[in-house]
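Notes follow once the structure below has been shown.
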Amino acid sequence: MSAILLIAIPLLAAFISILFKKASPYILLFVSFGSVIILGYLPLETITIGGFSAPYGINLVLDQYSLIALYVVDTLFFLIVAIACVKYKKISTVLLVALAGLNGILLTGDLFNLFVFIEVSGIAAYLITTTNKKPLATFNYLVAGTVGSSLYLLGLIILYAMFGTLNMADMSANIASSGLTTAVAFPFLLMFIGLGVEAKLLPFNSWAKGILAHSNKLTGPMIASVYAAAIGFVFGRLLTSVFVFSDKLGLILTIIVIATIVAGEAMAFASGKVREILLFSSIAQSGLVVLIFLQGFVGWGVFLIVANAAGKLILFMIANHASDELGTDEVKAFKGLFVNNKVIGLAFTVASLSAIGLPMFLGFVVKMNILGDLFATGDYLIPAVILITSIVEGIYFVRLLMKLWYKEDNLPVVQYEFVLKYVVVVLAVLIMLFGVYSAPVETTANDIDANTIVEGGNL
Amino acid sequence: MMTLISIVEIVISVLLVVLAFLAINSKSLIKSVMFLSSLSMLAVIGFVLMKAPDVAVTEAVIGSGLVTSLFVFTLLAVRKVGKKI
Amino acid sequence: MLQYAAIVLLMLGLYGLLTQRNIIKIIISLNILEIGLNLFIVSVGFVDGGLAPIFTSVNNSSNLVFVDPLPQALVLTAIVIGVGTTALGLALAKNIYQKYGTFEIDEMGEE
Amino acid sequence: MKNFLALVFTLFLGFMIITALSNNEAFPKYGEADVSTRVSQKYLDRSVNGNPGEIIFREATNLESGPANTVTAIVADYRSFDTLGEVTVLFISSLGVALLLGSTKQRRMELDFHPNFMLKVGSRALFGIILMTGIYISIHGHLTPGGGFPGGTMIASSMLLLYLADDEFRAKIKGFKILESAAGSAYVIIGLLGLLIGSYFLENLLNNGVLGYLFSAGMIPIIYVLIGLKVGSEISGVIDNFLTEESV
Numbered sequence: 355m356s357a358i359l360l361i362a363i364p365l366l367a368a369f370i371s372i373l374f375k376k377a378s379p380y381i382l383l384f385v386s387f388g389s390v391i392i393l394g395y396l397p398l399e400t401i402t403i404g405g406f407s408a409p410y411g412i413n414l415v416l417d418q419y420s421l422i423a424l425y426v427v428d429t430l431f432f433l434i435v436a437i438a439c440v441k442y443k444k445i446s447t448v449l450l451v452a453l454a455g456l457n458g459i460l461l462t463g464d465l466f467n468l469f470v471f472i473e474v475s476g477i478a479a480y481l482i483t484t485t486n487k488k489p490l491a492t493f494n495y496l497v498a499g500t501v502g503s504s505l506y507l508l509g510l511i512i513l514y515a516m517f518g519t520l521n522m523a524d525m526s527a528n529i530a531s532s533g534l535t536t537a538v539a540f541p542f543l544l545m546f547i548g549l550g551v552e553a554k555l556l557p558f559n560s561w562a563k564g565i566l567a568h569s570n571k572l573t574g575p576m577i578a579s580v581y582a583a584a585i586g587f588v589f590g591r592l593l594t595s596v597f598v599f600s601d602k603l604g605l606i607l608t609i610i611v612i613a614t615i616v617a618g619e620a621m622a623f624a625s626g627k628v629r630e631i632l633l634f635s636s637i638a639q640s641g642l643v644v645l646i647f648l649q650g651f652v653g654w655g656v657f658l659i660v661a662n663a664a665g666k667l668i669l670f671m672i673a674n675h676a677s678d679e680l681g682t683d684e685v686k687a688f689k690g691l692f693v694n695n696k697v698i699g700l701a702f703t704v705a706s707l708s709a710i711g712l713p714m715f716l717g718f719v720v721k722m723n724i725l726g727d728l729f730a731t732g733d734y735l736i737p738a739v740i741l742i743t744s745i746v747e748g749i750y751f752v753r754l755l756m757k758l759w760y761k762e763d764n765l766p767v768v769q770y771e772f773v774l775k776y777v778v779v780v781l782a783v784l785i786m787l788f789g790v791y792s793a794p795v796e797t798t799a800n801d802i803d804a805n806t807i808v809e810g811g812n813l
Numbered sequence: 285m286m287t288l289i290s291i292v293e294i295v296i297s298v299l300l301v302v303l304a305f306l307a308i309n310s311k312s313l314i315k316s317v318m319f320l321s322s323l324s325m326l327a328v329i330g331f332v333l334m335k336a337p338d339v340a341v342t343e344a345v346i347g348s349g350l351v352t353s354l355f356v357f358t359l360l361a362v363r364k365v366g367k368k369i
Numbered sequence: 137m138l139q140y141a142a143i144v145l146l147m148l149g150l151y152g153l154l155t156q157r158n159i160i161k162i163i164i165s166l167n168i169l170e171i172g173l174n175l176f177i178v179s180v181g182f183v184d185g186g187l188a189p190i191f192t193s194v195n196n197s198s199n200l201v202f203v204d205p206l207p208q209a210l211v212l213t214a215i216v217i218g219v220g221t222t223a224l225g226l227a228l229a230k231n232i233y234q235k236y237g238t239f240e241i242d243e244m245g246e247e
Numbered sequence: 016m017k018n019f020l021a022l023v024f025t026l027f028l029g030f031m032i033i034t035a036l037s038n039n040e041a042f043p044k045y046g047e048a049d050v051s052t053r054v055s056q057k058y059l060d061r062s063v064n065g066n067p068g069e070i071i072f073r074e075a076t077n078l079e080s081g082p083a084n085t086v087t088a089i090v091a092d093y094r095s096f097d098t099l100g101e102v103t104v105l106f107i108s109s110l111g112v113a114l115l116l117g118s119t120k121q122r123r124m125e126l127d128f129h130p131n132f133m134l135k136v137g138s139r140a141l142f143g144i145i146l147m148t149g150i151y152i153s154i155h156g157h158l159t160p161g162g163g164f165p166g167g168t169m170i171a172s173s174m175l176l177l178y179l180a181d182d183e184f185r186a187k188i189k190g191f192k193i194l195e196s197a198a199g200s201a202y203v204i205i206g207l208l209g210l211l212i213g214s215y216f217l218e219n220l221l222n223n224g225v226l227g228y229l230f231s232a233g234m235i236p237i238i239y240v241l242i243g244l245k246v247g248s249e250i251s252g253v254i255d256n257f258l259t260e261e262s263v
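Heads up: the sequence lines are chains A, Y, W and S, in that order.
Residue numbers for the first sequence, in my numbering: 355 to 813.
Residue numbers for the second sequence, in my numbering: 285 to 369.
Residue numbers for the third sequence, in my numbering: 137 to 247.
Residue numbers for the fourth sequence, in my numbering: 16 to 263.
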């Protein structure tokens with residue numbers, strides 16, 4: 355029972371499922387549920403593949419960091435598939451390959467293998483977004499994704515030419531021992547831009563608007579929460595345990611990321627469509643995740659991703675289902691949506707309040723601890739940015755909530771099927787539970803901080 | 285001194301850049317597909333010069349063989365439907 | 137010399153992506169970018185006077201000077217991934233043509 | 016004008032990259048790569064798990080990785096997990112093309128050129144030759160350059176020839192689907208067998224025999240033939256999707 359099954363079984367199921375078209379949705383459900391269950395029995399170890407030890411062969415690293423990442427990504431993947439697989443039967447094989455790719459991204463300990471799995475899950479993502487029936491938006495996503503991963507490969511090859519290895523641990527040891535932080539800046543910047551395209555950072559997220567603004571019940575949650583969480587975890591692993599970058603470079607990256615956060619919040623504030631508000635707030639949150647990892651806080655960065663991913667899944671699922679039924683996603687058309695489906699409204703409110711960071715929710719615990727750690731390091735610019743953006747978030751989320759709860763004469767009639775209600779309520783309860791009883795969250799966060807050798811941070 | 289190999293290398297490099305520029309800026313799509321195909325053939329020669337036979341075989345079969353035919357099929361399907369390209 | 141040509145090819149691909157507004161031209165620029173990247177990757181592993189990394193009856197011993205085989209193995213993967221994305225891009229282009237009747241992005245108009 | 020500005024910007028960017036690389040002392044100049052400091056020296060000497068000393072063609076036996084072609088050794092043995100990912104990339108893109116273009120009832124697209132007599136007869140003859148070369152290259156992947164991917168694409172281009180030679184020709188897509196699924200799952204099952212019998216996923220279980228003989232390198236030729244069949248059937252599927260349209 356080794357972690358390789360998380361990648362091999364979905365691949366085997368995908369290869370077999372093209373023969374049994376009718377049975378493929380059930381194979382998908384069974385395999386994605388199975389991968390969540392297997393996680394419970396996996397020992398934390400480094401698995402070498404093909405029998406050749408680490409820097410020469412490829413190894414999979416299953417430590418506490420990637421175990422939590424796998425739990426988050428696989429559970430959310432299963433929840434989305436449970437809701438959307440009936441309607442999107444045609445692409446169940448694509449979803450199986452996406453699951454294998456995502457597990458590969460989170461597990462691999464080899465930089466080129468990470469590139470291959472980013473491409474595998476990226477192409478699966480392009481095919482998932484074709485269900486939006488917007489070929490031009492999918493085409494933009496394909497071009498942006500391919501350029502991003504080509505830049506990542508260019509940076510990786512320059513690093514290989516300099517240090518002669520492709521393994522993450524070996525690479526970070528060589529970088530630290532060689533002390534060439536200025537020379538590493540250029541290839542690292544290329545890789546940062548390459549991954550930044552996928553993580554929707556500011557200058558390269560034009561594709562996100564086309565995809566998420568017209569998303570449906572499957573693409574919205576899948577791209578905004580599962581893929582964003584996976585890329586967030588990749589950033590965490592690269593920024594903290596592989597790269598050592600100099601003060602100057604750290605500053606440049608922080609500026610790029612802060613620009614992403616501010617622009618995302620501003621556009622969300624100004625937008626009139628429900629899905630656009632959620633899209634821009636998810637761009638801002640992915641910028642915040644990268645910002646936290648840049649400062650070197652691994653533990654709380656992980657839980658920021660967890661809080662974002664769970665919240666985004668609820669918000670996008672509800673918004674997309676409503677806009678699928680009503681056909682438009684203008685906020686005016688959604689007026690009074692929650693009046694006759696109270697349960698959905700409650701879950702939406704919990705998710706948005708946790709995104710803002712109000713007390714009693716997981717978002718609050720995470721943000722408070724991050725601000726505490728930042729103040730401890732005597733840094734005042736970034737906490738100021740976080741507080742201002744939380745206030746802006748608060749304004750446009752509360753404004754949206756008021757409209758959705760406001761009692762209107764002609765209420766939009768939207769029927770939520772049972773599975774969606776059940777999933778959304780369970781997630782909302784979890785967010786509240788961990789918000790109130792936050793002891794386990796703190797201990798695991800400090801655990802991750804302790805045993806991840808933080809190579810990153812300003813030298 | 286200029287051995288035969290380095291002369292060929294310089295000629296290939298210059299041709300690569302010229303063909304790439306032509307492929308991007310040529311007016312009709314069929315012409316730029318042809319330039320792309322010849323660019324891929326030159327890349328094969330470049331790989332052979334750099335002592336990479338495996339990559340040369342793969343690039344020759346996939347790069348100039350398959351990719352060019354896919355482009356031509358797309359343009360044929362489109363020309364049948366729409367205006368001249 | 138080939139390494140400089142590879143970098144210039146990479147940049148021409150980027151230039152094509154920035155300026156061209158035709159779907160097929162964008163896919164062609166993407167291919168040029170990938171050809172340039174593949175040439176650069178192999179050029180990183182080139183050793184002057186080295187032999188192709190294959191044992192044959194002619195260069196039959198492991199003491200000879202060989203070229204670096206790892207970048208070539210990586211390029212094999214990169215070429216196939218490039219073909220995968222190009223095939224998808226062209227399939228999307230056919231769909232876009234069916235829907236909008238043209239390849240020019242400006243003529244499509246964002247509805 | 017905008018194009019010219021963009022050209023100047025990208026060429027300037029290229030110049031910046033070239034200067035950044037040239038005054039980066041750890042980055043070797045073109046042609047002066049020092050392989051001994053790199054990971055790949057161990058691949059060349061086949062000494063990752065133990066140093067076999069000098070390797071002589073057709074005499075070295077039971078090396079840790081059998082293929083004479085070191086690039087095949089890396090692609091299919093040392094880093095075979097990359098190749099599994101790559102096979103998935105081709106699988107998913109041919110599936111995507113089928114999803115985007117395919118539909119239940121397809122018929123050949125009427126193009127305005129029809130194959131004349133020469134093309135019909137010529138391609139019948141060429142079909143056999145190209146198919147044989149493709150299979151040859153897939154089987155000899157561990158000895159000569161090429162391997163699963165070029166071999167598979169050659170098999171597909173021999174199918175392409177049949178498409179060009181005859182307007183009404185339609186390959187048996189159902190058969191290709193079964194072949195593709197069988198080859199792909201066989202590859203993953205070989206990997207899982209390595210995990211069950213040996214102790215590592217994708218471990219090379221059969222012994223490697225003598226370097227340079229046809230029946231050397233244990234599992235690698237089997238894996239490369241499987242990849243060749245899979246790539247061949249997938250790309251023929253893609254070609255079929257590009258040459259057909261919905262029958263009304």
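For every residue, glycine included, the Cβ atom is placed at its ideal position computed from N, Cα and C.
None of these values were measured; they are calculated from a predicted model.
| query | result |
| --- | --- |
| Partners in chain W for Gly190 of chain S, counting only beta-carbon separations shorter than 7 Å | Within 7 Å Cβ-Cβ: nothing; Gly190 of chain S doesn't reach chain W, min ~21 Å. |
| Under the three-state DSSP convention, the category Gly690 of chain A falls into | coil |
| Short CB-CB distance (under 9 Å) between Ser322 of chain Y and chain W | no |
| Met16 of chain S to Leu228 of chain W span [Cα, whole Å] | 30 Å |
| Which residues DSSP lists as bridging Ile89 of chain S, in chain order | None, per the DSSP bridge assignment. |
| C-beta contact flag for Ala491 of chain A and Gly564 of chain A at 9 Å | yes |
| Assigned secondary structure, Glu809 of chain A (DSSP; H/G/I helix, E/B strand, else coil) | Residue confidence is low: Glu809 of chain A scores 45 on pLDDT, short of 50, so the model does not pin down where it sits. Its coordinate-derived value is still stated next. Glu809 of chain A falls in the coil class under three-state DSSP. |
| Minimum Cβ-Cβ distance from Ser640 of chain A to chain W less than 9 Å | no |
| Contacts of Phe176 of chain W in chain A (Cβ-Cβ under 8 Å) | Leu508 and Ile511 |
| For Gly411 of chain A and Tyr93 of chain S, the rounded distance between their alpha carbons | 5 Å |
| Contacts of Phe147 of chain W in chain A (Cβ-Cβ under 9 Å) | Looking at the sequence provided, one finds Met at residue 147 of chain W rather than Phe. Within 9 Å Cβ-Cβ: nothing; Met147 of chain W doesn't reach chain A, min ~11 Å. |
| Burial state of Tyr315 of chain A, where buried means 16 or more other Cβ atoms lie within 10 Å | Lying before the first or after the last residue shown, residue 315 of chain A is absent from chain A, which here runs from 355 to 813. |
| is_contact[Leu496 of chain A, chain W] using C-beta, thresh 9 Å | yes |
| Nearest-angstrom Cβ-Cβ length linking Ala701 of chain A and Arg629 of chain A, presumed shorter than 8 Å | So it is not a contact: roughly 17 Å between Cβ atoms. |
| Given 8 Å, three or more beta-carbon pairs between the region 696-710 of chain A and the region 767-782 of chain A | yes |
| Neighbour-count burial assignment, Tyr506 of chain A, 16 or more Cβ in a 10 Å radius | buried |
| Between the CA atoms of Ile289 of chain Y and Leu333 of chain Y - distance to the nearest angstrom | 8 Å |
| 9 Å Cβ cutoff, Tyr151 of chain S in contact with chain W | no |
| Selection from A:Ser600, A:Thr743, A:Thr447 and A:Leu456 that minimises the alpha carbon distance to Leu383 of chain A | A:Thr447 |
| Cβ-Cβ distance between Leu468 of chain A and Val588 of chain A below 9 Å | yes |
| Whole-angstrom C-beta distance between Ile477 of chain A and Thr221 of chain W, which should lie under 8 Å | 7 Å |
| Cβ contact check for the region 166-173 of chain S and the region 137-152 of chain S: 3 or more pairs under 8 Å | yes |
| Length of the line joining the Cα atoms of Leu645 of chain A and Ile160 of chain W | 37 Å |
| Residues that Gly237 of chain W contacts on chain S, provided the C-beta gap is smaller than 9 Å | Near Gly237 of chain W there are no residues of chain S at all, since even the closest Cβ is about 16 Å away, more than 9 Å. |
| Outcome for Arg53 of chain S when other beta-carbon atoms lying within 10 angstroms are tallied against a minimum of 16 | buried |
| Ala664 of chain A to Asn521 of chain A span [Cα, whole Å] | 32 Å |
| Cβ-based burial, His155 of chain S [other Cβ within 10 Å; buried from 16] | buried |
| Minimum Cβ-Cβ distance from Leu354 of chain Y to chain W less than 9 Å | yes |
| Cβ-based neighbour list, Phe164 of chain S, same chain, cut-off 6 Å, excluding 5 preceding and 5 following | Val246 |
| Inter-stretch contact at 8 Å, needing at least 3 Cβ pairs: the region 497-505 of chain A / the region 438-457 of chain A | no |
| Chain-order list of residues whose beta-carbon lies under 6 Å from that of Val551 of chain A (same chain, five-residue window excluded) | Ala498, Gly502 and Phe558 |
| Interface residues of chain Y facing Ile143 of chain W [CB-CB closer than 8 Å] | Chain Y residues near Ile143 of chain W: none, gap ~10 Å exceeds 8 Å. |
| Below-9 Å beta-carbon distance, Glu260 of chain S vs any chain Y residue | yes |
| Where the beta strand (DSSP E) containing Gln769 of chain A begins and where it ends | First-last for Gln769 of chain A: undefined, no H or E at that position. |
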